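S.K.: The structure that follows is given in the form of structure tokens.
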Amino acid sequence: AERNMGCANSRYHPKNADLVKLKKKYETDAIKSAKLLNIWVIGGNKTRTLQLAEIISQQQNYMLITEDLLLQKEMASGTERSNIVREILDDKGVICPGIVLDMVVETILEKLDEIKGVVFHGIPRNREQALHLQRLVGAASLVIYCELKGESLRMALTDEGEEPSTIKSKVDHFQKSVLQLSKHKTTMTVDGEKDPMELVEDCLEKIVEQENGIKLLPEAQ
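Just so we're aligned, residue 1 is where the sequence shown starts under full-length UniProt numbering, counting upward by one.
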């Protein structure tokens, strides 16, 4: 099940089946023993949450991982897998979560010696991907939830010309996902209406606390 993670789902493009055939088994113990700080930035307004994630990664010198960045890197690689990914995206299809996690692992392993933390934006998408992500790279150190309420959330999630029923189901789905992702021992809820520059200081303070917490852990149990 882990190998196919969600790839059999009819929502995903049928070519994902070809990607599954190319999946490799990754040894991720090195990532977990590096005890990287894993920061997840989640929220309804993707532009603002991405800005916040970018600022945090720059200030802390952490690696930024987003699905867009992973897919751009993949498309530039010229591999067999990248050709299939390109076909799916050209067809306006969605790459299944398990394949995206392979790309996450590859990207972190390439730079493992140089990084002390990772900021994730748009990944994990849901509870299932969150569980798999944590199995691969270690537990989330901090979830930063940029909260929007009521009409602000509806507007952030709405695409032009959508039916009210579609909007309602998107909002319901989003709230359910956020509830699952933010049920975490270290979740920091911030005001999603604010400019990311106003939020970053508090976020960095919390991240430094987490960094210090990691340093204080005994080396051997």
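By construction, the Cβ of each residue, glycine as well, lies at the ideal position given by its N, Cα and C atoms.
Bear in mind that the values here come from a model prediction, so they are computed numbers and not experimental data.
Skipping 5 residues on each side, what residues in its chain have a beta carbon closer than 7 Å to that of E67?
M.R.: Counting only Cβ-Cβ distances below 7 Å, and skipping sequence neighbours, we find V100, G122 and I123.
S.K.: Give the C-beta separation of L64 and A53 to the nearest angstrom, bearing in mind that I take them to be a contact with Cβ-Cβ under 8 Å.
M.R.: Their Cβ separation, rounded to whole angstroms, is 6 Å, which keeps L64 and A53 in contact under 8 Å.
S.K.: So, for V137: in the same chain, excluding its five sequence neighbours on each side, which residues have a beta-carbon less than 8 Å away from its beta-carbon?
M.R.: Around V137: T28, I31, K32, L36, N38, V104, V105, I108 and V118.
S.K.: Under 7 Å Cβ to Cβ from A34, same chain only, skipping five residues before and after it: list those, please.
M.R.: Around A34: L112.
S.K.: Tell me whether the beta-carbon of V143 lies closer than 8 Å to the beta-carbon of T187.
M.R.: Yes; because the gap between Cβ atoms is below 8 Å, this pair is in contact.
S.K.: Helix, strand or coil for L148 per DSSP?
M.R.: Coil at L148, not helix or strand.
S.K.: Under DSSP, the beta strand (DSSP E) around D191 begins and ends at which residues?
M.R.: Counting along the chain, the beta strand (DSSP E) containing D191 begins and ends at T187 to D191.
S.K.: Determine the direct distance from the alpha carbon of N16 to that of H184, and round the result to whole angstroms.
M.R.: Roughly 31 Å separates the two Cα atoms.
S.K.: Determine the DSSP secondary structure at V105, reduced to helix, strand or coil.
M.R.: If DSSP states are grouped into helix, strand and coil, V105 belongs with the helices.
S.K.: Alpha carbon to alpha carbon, what distance is there between L181 and F174?
M.R.: Cα to Cα, F174 sits roughly 10 Å from L181.
S.K.: Check each candidate in Y26, E74, C203 and T189 and name the one with the smallest Cα separation from E135.
M.R.: A small fix is needed here, since residue 135 is Arg in this sequence, not Glu. Minimum Cα distance to R135 is reached at Y26.
S.K.: Can you tell me whether DSSP reads L22 as helix, strand or coil?
M.R.: Coil at L22, not helix or strand.
S.K.: Looking only at its chain, what residues have a beta carbon closer than 7 Å to the beta carbon of T189, apart from the 5 residues adjacent to it on each side?
M.R.: Cβ within range, chain order: Y145 and E147.
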